[in-house]
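Participant: Using the numbering used here, count along the sequence shown one by one with no gaps and you end on 101. Where a beta carbon is used, it is the ideal one built from N, C-alpha and C, also for glycine. What you are looking at is a predicted structure, and each value in this text was computed from that prediction instead of being measured.
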Amino acid sequence: MEATARKTDFIDSMEENQKDVRKMVMDSYRDIEKGKGRDYKEFFAELESRYRNANA
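(1) Does the beta-carbon of residue 73 have 16 or more other beta-carbons within 10 angstroms, so that it is buried, or is it exposed?
(2) Taking C-beta to C-beta, are residue 76 and residue 95 nearer than 8 Å?
(3) Do residue 69 and residue 91 have their C-beta atoms within less than 8 Å of each other?
(4) Taking only three categories from DSSP, how would you classify residue 91?
(5) Could you pull the start and end residues of the alpha helix (DSSP H) that residue 47 belongs to?
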């Protein structure tokens, strides 16, 4: 696989990850609006694990 294809795959993967993170944030905001809330420790632990896995 040539470098350009790998770079494109990496960029696509990062963009997808950003979409997932944005969705998680918005889901949490909607939960807060509904009064459900979500344990912030759980939320940030999930975000942190996603970023750790993205760098691996």
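Facilitator: Quick look at the numbers:
(1) Label assigned to residue 73: buried.
(2) Not in contact: residue 76 and residue 95 (Cβ atoms no closer than 8 Å).
(3) Cβ distance < 8 Å, so residue 69 and residue 91 count as in contact.
(4) It is helical.
(5) From DSSP, residue 47 is part of no alpha helix (DSSP H); its letter is neither H nor E.
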